[in-house]
Each structure stands twice: as structure tokens, then as C-alpha cells.
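*Asks:* Chains as they are written, first to last, in the numbering used here: chain X, 224 to 493; chain U, 224 to 493. For every residue, glycine included, the Cβ atom is placed at its ideal position computed from N, Cα and C. Just so we're clear, the structure is a prediction, and the values are computed from it rather than from any experiment.
1. Should residue 357 of chain X be labelled buried (16 or more other beta-carbon atoms within 10 Å of its own) or exposed?
2. Which chain U residues sit within Cβ distance under 7 Å of residue 466 of chain X?
3. Between the segment 381 to 395 of chain X and the segment 442 to 449 of chain X, do at least 3 Cβ pairs fall closer than 8 Å?
4. Run through chain X and tell me which residues come within less than 8 Å of residue 425 of chain U, C-beta to C-beta.
5. Just list the residues that DSSP pairs residue 339 of chain X with in beta bridges.
6. Say whether chain U places a C-beta atom closer than 8 Å to the C-beta of residue 291 of chain X.
7. Quick check: what's the CA-CA separation for residue 404 of chain X versus residue 453 of chain X?
8. Tell me which same chain residues have a C-beta within less than 7 Å of the C-beta of residue 295 of chain X, skipping the five on either side of it?
9. Tell me whether residue 398 of chain U is buried or exposed, calling it buried when 16 or more other Cβ atoms sit within 10 Å of its Cβ.
10. Determine the burial state of residue 473 of chain U: buried for a count of at least 16 other Cβ atoms within 10 Å of its Cβ, exposed for fewer.
11. Start and end of the beta strand (DSSP E) containing residue 367 of chain X?
12. Go ahead and pull the three-state DSSP assignment for residue 455 of chain X.
13. Which residues of chain U have a Cβ atom closer than 7 Å to the Cβ of residue 398 of chain X, listed in chain order?
14. Assign residue 311 of chain X to buried or exposed, taking buried as 16 or more other Cβ atoms, counted over all protein chains shown, within 10 Å of its Cβ.
15. Would residue 293 of chain X and residue 319 of chain X be called neighbours here (beta carbons separated by less than 8 Å)?
16. With H, G and I counted as helix, E and B as strand and the rest as coil, what does DSSP make of residue 415 of chain U?
17. Quick check on DSSP: helix, strand or coil for residue 385 of chain U?
18. What are the residues that DSSP puts in a beta bridge with residue 329 of chain U?
19. Is residue 434 of chain X close to chain U? Criterion is C-beta to C-beta, closer than 8 Å.
20. Report, in whole angstroms, the separation of the C-beta atoms of residue 344 of chain U and residue 374 of chain U, which I expect to be a contact under 8 Å.
21. Quick one: which residues of the segment 386 to 397 of chain U get their C-beta closer than 9 Å to a C-beta of chain X? List them in chain order.
22. Can you list the beta strand (DSSP E) stretches of 3 or more residues lying completely in the segment 231 to 274 of chain X, in chain order?
23. State the Cα-Cα distance for the pair residue 300 of chain X and residue 329 of chain X, rounded to the nearest angstrom.
24. With which residues is residue 278 of chain X paired in a DSSP beta bridge?
25. Does the separation of the CB atoms of residue 240 of chain U and residue 249 of chain U fall below 8 Å?
26. Who are the Cβ neighbours of residue 437 of chain U in its own chain at under 6 Å, not counting the five residues just before and after it?
27. So, helix, strand or coil for residue 513 of chain U, using DSSP?
28. Count the other CB atoms within 10 Å of the CB of residue 339 of chain X; is the residue buried (16 or more) or exposed (fewer)?
29. Of the residues U:238, U:260 and U:291, which one's Cα is nearest the Cα of residue 245 of chain U?
30. Give me the DSSP bridge partner(s) of residue 344 of chain U.
31. Any idea what DSSP makes of residue 295 of chain U, helix, strand or coil?
32. On the CB-based measure, 16 or more other CB atoms within 10 Å of its CB, does residue 360 of chain U come out buried or exposed?
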């Protein structure tokens, strides 16, 4: 069927979604979708089939109503090229990357000219949405799609309970660099420092440890791509280094000069 | 009464605790203690009397069973000097600072030679323990006190539901530099970057924002003293800067060189 033929019906129960890439996020996402659609999964190398899904060939996946690429940001072009010959006329191609401008360009460059393309970014993963995806932000960026197709799929994701936010790929990348981007960067910095749990951990320190553990559970490739393929993360890292330097200077490095006395102010910290 | 006279009784209901310094933490701590003891408070400048407590003169405060200094780390010496003439023979002097070696030295230097001294660090504040102090870590460091007095007060704080951890001032300072110290430093760095809430905030980013907001609610003096009066925080900041530099180098600064392709790995992050 062609999408949106019967908008009054919402989305067809028999809707079929193809997933390319069943890595850590792909398998989590495929299983989440399998509660709402028939999900066919393909992974180039041998991997267990995600719960609730059906392993399929690339051509079977290409015949689904929508195909969602769950591969590395830096691999979207290659994955689109491999999938292109198998895409049926009505198939909608989507990615799920943490960067949007670069993968959107890659999909446009390598998908058949008539294929509709929507870039998406589920702002969560198996750690943060282990209890369920409902309520988590889901960025939705039509790249080359009719409004009819776009609103049809926007409704589908909203009906999963996701907080669907429509923005352009560039709007996403700027916002993500200073939210998800800085979180993953600091998480890796803390891991490099080898921080560990402590009997005297404050609530705030426990939150830093959680950020470190959660970001380091994701593939290192995600960290590298997030930092290198989003053109705004360089500015984020430079601003982080500038602010850190400003505070180091304010404190005089590691000196122990006494600050001004303040008998009235309280001391124990959160 | 002299402390520990009747250890079998635990602590007397009529126990009187004096609080010097009713700033943000001091007033929170005084009110928390007022549910378990009679609390007299003194603040050098005019401040509202904390709920459940009684405003008192420095000499009335000095006549309590225990006097807890809730002033800036850099002000402990001065506060002890002012209080010294008013301390009765049985009074036990305690501080509540986020650094322990420096305030312990200052109390020993300025308290009467016979005064028993115990350094403490409640590892929480009005933000992190707004729902109650029970279960939060409480560092307990006898500096110049009989085991009888020490165990008496250790029991008192344990009976408040606190997780009492006995360690030396130096053991505390090393551990605190790499837990509370790094948390407050990063919280101020993030505030200097002017991070803000976002519609596409991930769970991890929300935790960073909470760390920023919580640490910046504490007095700036606490931040400065934490970083300058704990002799281990300099090493913490240097290790943080080293790890940050190592990751910047790994990423090639703000370049956008593509990482190696990884078609199989998943991408959307926590």
C-alpha cells in the first residue's frame, strides 16, 4: 500500500518496518517497534535476531513500508548504497543517527531519486529507556518526503508514546552538540580519569558516575562519530575547554591561597 | 553533664547542641538536629532563626554539650577564636566543613587545650537531602577526643539515620577531592558554559544539568574553599585537564575527519 492512502485509519496494523543494523541500539529499537508493527531485521554480520523480530534478507527488508538504518553515522552512505537496489517504490528510508546533517546528505546522495527520506533521532537508548521508550524525545526531520508521508509517520511515532519533536537536521545538530554531545564527551573524560564509586559519594557525584557509566556503555564509534561528524561539537569542546581554563585561572591552578573569610556563609555541600 | 557518663542510655533527651553560622547549610543542619536535641543558634550577622531552634548568644552556645561550626572553611580559625572564651569544660567542638585537614588544624590551634575536638562532614545539603538526611553519608573524624566521647557522638549521629563513616581528615580530603570536589568543579564549569534545559535533553544531559544547578545553589565561597583548601583538589583538576586534553587530541580538536566505518555498530545514544 502507499502510505497515507487512508489517513483516517492512522497506520495499518499490518505495517512492516525493516531495520538495518542490529547492534546495541538497533536490536533495542527493533524489539521496541515489534510491539507495534511487523519488524524484519538485517545485519551484515551474524548477530542474534532481536526479540519479537524476524531475520530477513536485505531485499525483504527493502520491501517494508519503512526501513530504518541503525548503523554507525559514518556508515550511512555505505548502508544506503547496499540497500538502494532493494527499495520498493513506496518504501520510506529513515536513519536513527545521533547526528542529522551528515547522514541526511548521505541518504540523499545514495538512495534512488524517488525514495522518500526522513531523518530521525531517538534521544535514548537501552540504558536510558530500559524501562520503556514512552515519554522520551524523538527528533523527526523530513528530508525529502511529502507532508502526507511525513505527518503519517510523525503520528505513528507519537502513538508509540514518544515525545516527537520536528526540527531541521541543522537545528538538531546545534542543539545536540550542547546536550548529548557534551554529555558523551564528559562521560569519556571521567572514564579516562578512572573515577570510581565511593562510600562518601554525594548525590551529585553519583549522577556524574551514572553519566560516565551510561555513555561508556555505548559503542566507542558512537562517541567518535558524535564528536567528529556533528559540525557543532568542535565549538562545544572549545567552549568547554575555555570555561575550564577560566575556572583554573580563577583558582590559581592548584595553589592553596586562602579565599576571603566568610564567617556567615554555610559550608557543607550538596 | 559530662558526655558518655551513661553510655547505656545512648544520648540524653535534654542534649543541647549549639550551631555557629546559620547560612544556607547551617540553618538546614540546625533544623534537622532540632528534631533530636535542643538547638541554640548564633550567627554573627542578623539572620532569621532556623525553624525549631532558639537564637542565643555566643556564650549560651558555648555552654552546649556540643558546638558545631557551620561557617566557611576559611573562617574556622576565626570562629574558634571567638568561641573559645565561652566554651565550658565538657563542651565538644565540631566543624561541618567540606574539607577536613585544614579546619581540624585551625580548631586545634585556637580552641582551649582541654577542649575535645571532632571534625565532621555531612556529605549532603538542603538540595540533596531536602527529603530528609536519613541514609546520607556523614564523615566522622575524631581529632582530639577520648574514645568514650567519640563513640558517644558517633552513636548520636548514627541514630539520626546517617551513614556514619569514620576516617581521618586526610583520608577524607583525598577521597572528597575526587568525588565532591570534581562534582563542584564541573558544575561551575558547566554553569560558565551557560548550559540550559532542552526539549531534546537526554537522561544523561538532564543529570549534568542537575549537577550544575545543585552545585551552583551552594555559596561561591564553598566552591573556592573546596578547591583551594583541600590539598588534593589541585591534583584532581590537573588529572581532569590531562584527560580532557587526551580526548581532544584523540579527536583531533574540532576537525571532522571521518572515523573508521562500522556498519554493524549501533548509533543512537543514551
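*Replies:* Taking the structure as given:
1. Taking the first residue of the first chain as position 1, residue 357 of chain X is located at position 134. Around the beta-carbon of residue 357 of chain X, fewer than 16 other beta-carbon atoms lie within 10 Å, marking it exposed.
2. Here residue 466 of chain X is taken as the residue at index 243 of the first chain, counted from 1. 412, 415 and 416, listed in chain order.
3. Taking a cut-off of 8 Å for Cβ pairs, the segment 381 to 395 of chain X and the segment 442 to 449 of chain X do not touch, as fewer than three such pairs fall below it.
4. In the second chain, residue 425 of chain U corresponds to position 202, counting from 1. Residues of chain X with a Cβ closer than 8 Å to the Cβ of residue 425 of chain U are, in chain order, 346, 347, 351, 360, 402, 403 and 406.
5. Along the first chain, read from residue 1 onward, the residue named residue 339 of chain X stands at position 116. X:315, per the DSSP bridge assignment.
6. Here residue 291 of chain X refers to the residue found at position 68 of the first chain. Not an interface residue.
7. Numbered from its first residue, the first chain carries residue 404 of chain X at position 181. Numbered from its first residue, the first chain carries residue 453 of chain X at position 230. The straight-line gap separating the alpha-carbon atoms of residue 404 of chain X and residue 453 of chain X is approximately 9 Å.
8. If you number the first chain from 1, residue 295 of chain X lands on position 72. Leaving aside the five residues that flank residue 295 of chain X on each side, the residues in its chain whose CB is nearer than 7 Å to its CB run, in chain order, 444 and 448.
9. The sequence position of residue 398 of chain U within the second chain is 175, counting from 1. Buried is the call here.
10. Start at 1 with the first residue of the second chain, and residue 473 of chain U comes out as number 250. With fewer than 16 Cβ atoms within 10 Å of its Cβ, residue 473 of chain U is classed as exposed.
11. Counting from 1 along the first chain, the entry for residue 367 of chain X is found at position 144. Boundaries of the beta strand (DSSP E) harbouring residue 367 of chain X: 360 to 367, taken from the DSSP string.
12. In the first chain, residue 455 of chain X corresponds to position 232, counting from 1. Note: residue 455 of chain X maps to coil in three-state DSSP.
13. Position 175 of the first chain, counting from 1, holds the residue named residue 398 of chain X. Here the neighbours are 421 and 423.
14. Translated into positions along the first chain, residue 311 of chain X becomes position 88. By the neighbour-count rule (16 or more Cβ atoms within 10 Å), residue 311 of chain X is not buried but exposed.
15. For the purposes of this step, residue 293 of chain X is identified with residue 70 of the first chain, where counting begins at 1. For the purposes of this step, residue 319 of chain X is identified with residue 96 of the first chain, where counting begins at 1. Cβ atoms of residue 293 of chain X and residue 319 of chain X: closer than 8 Å.
16. Mapped onto the second chain, residue 415 of chain U falls at position 192. In the displayed model, residue 415 of chain U falls within a helix according to three-state DSSP.
17. Mapped onto the second chain, residue 385 of chain U falls at position 162. Secondary structure of residue 385 of chain U (DSSP, three-state): coil.
18. Along the second chain, read from residue 1 onward, the residue named residue 329 of chain U stands at position 106. DSSP lists no beta-bridge partner residue for residue 329 of chain U.
19. For the purposes of this step, residue 434 of chain X is taken as residue 211 along the first chain, with counting starting at 1. By this cut-off, residue 434 of chain X is an interface position.
20. Start at 1 with the first residue of the second chain, and residue 344 of chain U comes out as number 121. Start at 1 with the first residue of the second chain, and residue 374 of chain U comes out as number 151. Separation of the CB atoms of residue 344 of chain U and residue 374 of chain U is rounded to 18 Å, and the pair is thereby denied contact status at 8 Å.
21. The residues in question are 386, 388, 390 and 395.
22. Within the segment 231 to 274 of chain X, the complete beta strand (DSSP E) runs of at least 3 residues fall at 239 to 243 and 261 to 265.
23. The residue you call residue 300 of chain X lines up with position 77 of the first chain. The residue you call residue 329 of chain X lines up with position 106 of the first chain. Whole-angstrom Cα-Cα distance: 5 Å.
24. Locating residue 278 of chain X in the first chain gives position 55, where the first residue counts as 1. X:264.
25. Looking up residue 240 of chain U in the second chain gives position 17. Looking up residue 249 of chain U in the second chain gives position 26. No. Outside cutoff.
26. Reading the second chain from its first residue, position 214 is the one you call residue 437 of chain U. Contacts found: 350.
27. Residue 513 of chain U is absent from the model: chain U starts at 224 and stops at 493.
28. One-based indexing of the first chain puts residue 339 of chain X at position 116. Residue 339 of chain X should be labelled buried.
29. Walking along the second chain from the start, residue 245 of chain U turns up at place 22. For residue 245 of chain U, the closest C-alpha among the options U:238, U:260 and U:291 is that of U:291.
30. Indexing the second chain from 1 puts residue 344 of chain U at position 121. As a beta-bridge residue in DSSP terms, residue 344 of chain U pairs with U:362.
31. Numbered from its first residue, the second chain carries residue 295 of chain U at position 72. In this structure, DSSP gives residue 295 of chain U a state outside helix and strand, which the three-state scheme calls coil.
32. The residue labelled residue 360 of chain U in the question sits at position 137 within the second chain. Residue 360 of chain U counts as buried, since at least 16 other C-beta atoms from the protein chains shown sit within 10 angstroms of its C-beta.
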